[in-house]
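Residue numbers (this note's numbering), protein chains in the order written: chain Z, 1449 to 1652; chain B, 1449 to 1652; chain L, 1449 to 1652; chain S, 1449 to 1652.
There are 4 protein chains.
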Amino acid sequence: MTARRRLAPDDRRREVLDAAIRVLRDRGPGGCRVEDITAEARTAKGNFYRYFATWDDLLVAVRDHLLDAYREDLAQRYASVPQIEWWETVDEEIDRFIAFQLDLGGLHEAVFHGPAAVERPVEKHRSAASMLAGLLTTGIADGVFAAVDIDTTAVLLFDVLHGAADAIASGMDREEVLRSARRIVHRTLGPDPPQRQQAPDIAL
Amino acid sequence: MTARRRLAPDDRRREVLDAAIRVLRDRGPGGCRVEDITAEARTAKGNFYRYFATWDDLLVAVRDHLLDAYREDLAQRYASVPQIEWWETVDEEIDRFIAFQLDLGGLHEAVFHGPAAVERPVEKHRSAASMLAGLLTTGIADGVFAAVDIDTTAVLLFDVLHGAADAIASGMDREEVLRSARRIVHRTLGPDPPQRQQAPDIAL
Amino acid sequence: MTARRRLAPDDRRREVLDAAIRVLRDRGPGGCRVEDITAEARTAKGNFYRYFATWDDLLVAVRDHLLDAYREDLAQRYASVPQIEWWETVDEEIDRFIAFQLDLGGLHEAVFHGPAAVERPVEKHRSAASMLAGLLTTGIADGVFAAVDIDTTAVLLFDVLHGAADAIASGMDREEVLRSARRIVHRTLGPDPPQRQQAPDIAL
Amino acid sequence: MTARRRLAPDDRRREVLDAAIRVLRDRGPGGCRVEDITAEARTAKGNFYRYFATWDDLLVAVRDHLLDAYREDLAQRYASVPQIEWWETVDEEIDRFIAFQLDLGGLHEAVFHGPAAVERPVEKHRSAASMLAGLLTTGIADGVFAAVDIDTTAVLLFDVLHGAADAIASGMDREEVLRSARRIVHRTLGPDPPQRQQAPDIAL
DNA sequence: TATGAATGAGCCTTCATTCAT
DNA sequence: CATGAATGAAGGCTCATTCAT
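Quick look at the structure:
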């Protein structure tokens, strides 16, 4: 390289991390090697290992960074809201999360699947599901959401959103998918339907 | 060298496929090479390539085999049923599908994620979602399920089931998860709650 | 295959040999495996080894077959000719040999180069050069050709013809090449120019 | 692991290239794998690919290196010669070129034949024939050589020299071969013999 | 005898990781 | 600290050759 760019360690680490995010997002996990990332970060290959002990560590770091950023963003959004408009919020957050997922592109496969993801699962407090669980807790406490089992429902609704993004990415109509996703969430969190079991019984 | 075991091509292919399923299930995609599979199948490495042109082809074959088997199984179950007890069926199939997923173990990551899955997506007619769509179509036609958008809802409910299996695999309580999964499906497919939108409306 | 075709061993061997010639000619040594040849010969792979101990043996057999055929052809041509028109004959044979070489296509590289050729050189009595040597011997005896060293000249003139075919194959103008080849041969075998050494001396 | 030897890329590349030349020369293309070369170069196998994208690229590099070296050498020899003694020069260059070829040993087959040679032919400006063509051009311009067709004659005379080396390598007497080769070249480039066509006519 | 399934050594190529400078 | 050359374990794939049926 032309000239050494001396940076504070944290800045350099951040540059590498950002480069990794860009490269992973664009090219996906395949065709993305350590060298691709350091090249994108305009630093030397060996430098990578100054900041990340192994390749998997990078992946974990990327994942955690994204999740933390998302969580922080979420917190920001509701930090100053005195009274949440729950159902509006739900739709808004659904859209937002799906948009976020779509934006991840190839990154998603890289950090949420593959060996790194399997061997080093997201810590609970970081997971998207736990964010959702937070929302559910408050919403239920506010008496707006039905009293579902929070942890499991959060996980499963998260899967719905996640799957919605995949569906859109794979070519399904965005609005259709969004509509169905919203429907599932609304139905799941809405109040119990009074006569739910009867109509079917009759139908049979 | 052990004695040669000469088999009809179909049988040998099947043996290799079965070996692959076992190995993949137990060890996951990492730590599973062509040689591991042929060793498990008690045949020579080179023989692998008589039956599968590339490693990815094997993965696709495994995936298709599993999906086809599941679909066939499903068809079998309802082939002779004159009158479906829809809500019972729903619960039963939910349990069954989740059990199936859990049983896949490391196989799931191997064949539904990773390069092979990305570059060679499941053909539509084979996908689990399309099976679900079939069920939805009939259920809606029978007037039991709400008139949801079939394709997208099928995909998203599939994600719920899939996520449920993951959740259980990752240590969450099986019954808890199952209950929430059932709840989401029931709510999604159940009749519109007459007053559903009111409480929120008032809340706003 | 549909039905076993039982052939006399010699016929079968010949079929395989012919198939090899066709395949080698068309595809060259790369991309030509034992199986390609047996497929072309419409027989089973294992049958190959009934007639040729190794792959290299096939190559040698092909080479010898071609050379023998050429030699026989040559003999035929002059068997009944009472009086050879030497210089016409020279030109005719030059053309013929080059045409033969060109016709070999990929075969040439396969059988006259490569490991087989290196480790198992053509036996002297079979070589094209030895045919040429025969011609030279007679021509010199007839007092038509200059008294060159027969063995070495034959080899080198053979290289000229061989090179001429290569040149044409690689895109040079056929007539141009033929003319130069003829010129070299004529000059080499023609009578000593009386004043040969003087002009250059003067020129310097 | 032996101690790491860190070299400037150009130096290392050169070491690998030289090692390749040695190994290829001694053992020929068969029985020479990437690992043999890196072993000879006292470096790790993987390092090979820092300098040569593929095996064939190495072969091409070796070939070009040899041809360039020879050409440079040739140029050097005549850079400072004011007046060329053409016929002496011819004999000298014949000897030299044949010696060069002989020295190549197994290298010749490796780089001038085989898949690499077929798929990536020598660029024209590098070929030995083009060097010869240069010589012919000047010699003809000087009025010393007969006005032959330069390109084709160069190619064919090159084949003579090349064949001469092969002949010597295969056991023919060196001096005999050289004498005949010289004769062919002299005759080809010498002045037209006055009565060339008559003697034969009479002889018949 | 004919068939084609089975064998396994061989080989190129990739790339995370290390470390001399 | 930064650099990028060096390392070497993997691992996919080929194909001549063997041999059970």
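Just so it is clear, CB atoms sit at the ideal spot from N, CA and C, and this is done for glycine as well. Fair warning: this is a prediction, and the values are worked out from it, not measured in the lab.
List the residues of chain Z whose Cβ lies closer than 7 Å to the Cβ of residue i, in chain order.
| i | result |
| --- | --- |
| residue 1588 of chain B | By Cβ distance, chain Z contributes nothing, its closest Cβ being about 11 Å from residue 1588 of chain B, past 7 Å. |
| residue 1632 of chain B | 1604, 1632, 1636 |
Measuring straight from C-alpha to C-alpha, what distance separates residue i and residue j?
| i | j | result |
| --- | --- | --- |
| residue 1474 of chain Z | residue 1514 of chain Z | 16 Å |
| residue 1646 of chain S | residue 1537 of chain S | In this predicted model, residue 1646 of chain S has a pLDDT of only 44, less than 50, meaning its place in the structure is not dependable; the value taken from the coordinates is given anyway. Rounded to the nearest angstrom, the two C-alpha atoms are 32 Å apart. |
| residue 1483 of chain S | residue 1493 of chain S | 6 Å |
| residue 1496 of chain B | residue 1558 of chain Z | 28 Å |
| residue 1618 of chain S | residue 1632 of chain S | 20 Å |
| residue 1523 of chain S | residue 1478 of chain B | 58 Å |
| residue 1566 of chain L | residue 1556 of chain S | 11 Å |
| residue 1612 of chain Z | residue 1609 of chain B | 14 Å |
| residue 1574 of chain L | residue 1634 of chain S | 29 Å |
| residue 1465 of chain S | residue 1471 of chain S | 10 Å |
| residue 1491 of chain S | residue 1469 of chain S | 15 Å |
| residue 1572 of chain B | residue 1580 of chain B | 12 Å |
| residue 1601 of chain L | residue 1485 of chain L | 37 Å |
| residue 1532 of chain S | residue 1639 of chain L | 28 Å |
| residue 1512 of chain L | residue 1570 of chain L | 8 Å |
| residue 1481 of chain B | residue 1453 of chain B | 22 Å |
| residue 1593 of chain L | residue 1621 of chain L | 29 Å |
| residue 1615 of chain Z | residue 1603 of chain B | 7 Å |
| residue 1561 of chain L | residue 1510 of chain L | 13 Å |
| residue 1551 of chain Z | residue 1521 of chain B | 38 Å |
| residue 1507 of chain L | residue 1564 of chain L | 7 Å |
| residue 1467 of chain Z | residue 1487 of chain Z | 9 Å |
| residue 1543 of chain L | residue 1451 of chain B | 58 Å |
| residue 1516 of chain S | residue 1489 of chain Z | 39 Å |
| residue 1518 of chain B | residue 1623 of chain B | 23 Å |
| residue 1577 of chain Z | residue 1605 of chain Z | 8 Å |
| residue 1535 of chain L | residue 1553 of chain L | 28 Å |
| residue 1526 of chain L | residue 1540 of chain L | 12 Å |
| residue 1607 of chain B | residue 1529 of chain Z | 32 Å |
| residue 1584 of chain S | residue 1637 of chain S | 9 Å |
Report the neighbours of residue i on chain Z: residues whose CB is nearer than 9 Å to its CB, in chain order.
| i | result |
| --- | --- |
| residue 1608 of chain B | 1604, 1605, 1607, 1608, 1611, 1632 |
| residue 1624 of chain B | 1597, 1599, 1600 |
Beta carbon of residue i: closer than 7 Å to some heavy atom of the ligand ZN?
| i | result |
| --- | --- |
| residue 1540 of chain B | As for the ligand ZN, it is missing from this structure, which has no ligand bound. |
Which residues in chain L have a C-beta closer than 7 Å to the C-beta of residue i? List them in chain order.
| i | result |
| --- | --- |
| residue 1520 of chain S | Within chain L, no residue comes near residue 1520 of chain S; the closest Cβ sits about 25 Å away, beyond 7 Å. |
Could you work out which residues of chain S lie near residue i, taking near to mean beta carbons separated by less than 7 Å?
| i | result |
| --- | --- |
| residue 1579 of chain L | Near residue 1579 of chain L there are no residues of chain S at all, since even the closest Cβ is about 15 Å away, more than 7 Å. |
| residue 1508 of chain L | Within 7 Å Cβ-Cβ: nothing; residue 1508 of chain L doesn't reach chain S, min ~15 Å. |
Run through chain L and tell me which residues come within less than 8 Å of residue i, C-beta to C-beta.
| i | result |
| --- | --- |
| residue 1561 of chain S | 1557, 1561, 1562 |
Strictly below 9 Å CB to CB, what residues from chain S border residue i?
| i | result |
| --- | --- |
| residue 1569 of chain L | 1618 |
Find the residues of chain B that neighbour residue i, judging by a C-beta separation of less than 7 Å, and give them in chain order.
| i | result |
| --- | --- |
| residue 1732 of chain Z | The question about residue 1732 of chain Z has no answer, for chain Z in this structure spans 1449 to 1652. |
| residue 1528 of chain Z | Those do not exist, as residue 1528 of chain Z stays about 19 Å from chain B at its closest Cβ, beyond 7 Å. |
| residue 1629 of chain Z | 1604 |
Find the residues of chain B that neighbour residue i, judging by a C-beta separation of less than 9 Å, and give them in chain order.
| i | result |
| --- | --- |
| residue 1576 of chain Z | Within chain B, no residue comes near residue 1576 of chain Z; the closest Cβ sits about 11 Å away, beyond 9 Å. |
Using a Cβ cut-off of 8 Å, pull out every chain Z residue sitting near residue i, in sequence order please.
| i | result |
| --- | --- |
| residue 1523 of chain B | By Cβ distance, chain Z contributes nothing, its closest Cβ being about 21 Å from residue 1523 of chain B, past 8 Å. |
Can you list the residues of chain B that residue i reaches, using a CB-CB cut of under 8 Å?
| i | result |
| --- | --- |
| residue 1615 of chain Z | 1600, 1603, 1604 |
Chain S contacts made by the region 1539-1552 of chain L, where a contact means CB separation under 7 Å: Listed by position, the residues of the region 1539-1552 of chain L near chain S (Cβ gap below 7 Å) amount to none.
Inspect the CB distances between the region 1578-1594 of chain S and the region 1492-1509 of chain S and report whether three or more fall short of 8 Å. No contact exists between the region 1578-1594 of chain S and the region 1492-1509 of chain S.
Can you list the alpha helix (DSSP H) stretches of 4 or more residues lying completely in the region 1478-1566 of chain L, in chain order? For the region 1478-1566 of chain L, whole alpha helix (DSSP H) runs of length 4 or above, ordered along the chain, are 1482-1488, 1496-1499, 1503-1527, 1534-1552, 1555-1560.
Touching by the beta-carbon criterion (3+ pairs, under 8 Å), the region 1459-1466 of chain S and the region 1541-1550 of chain L: No contact exists between the region 1459-1466 of chain S and the region 1541-1550 of chain L.
With 9 Å as the C-beta to C-beta threshold (strictly closer), list the residues of the region 1463-1488 of chain L near chain S in chain order. For the region 1463-1488 of chain L, which is checked against every Cβ of chain S, the residues closer than 9 Å are 1476, 1477, 1478.
Would you check if the region 1625-1640 of chain B and the region 1597-1607 of chain Z touch, i.e. whether three or more CB-CB distances between them fall below 8 Å? Remark: three or more beta-carbon pairs, one from each stretch, lie closer than 8 Å, so the region 1597-1607 of chain Z and the region 1625-1640 of chain B are flagged as touching.
Quick one: complete alpha helix (DSSP H) runs, 4+ long, within the region 1563-1631 of chain B? Complete alpha helix (DSSP H) runs here, min 4: 1576-1589, 1598-1617.
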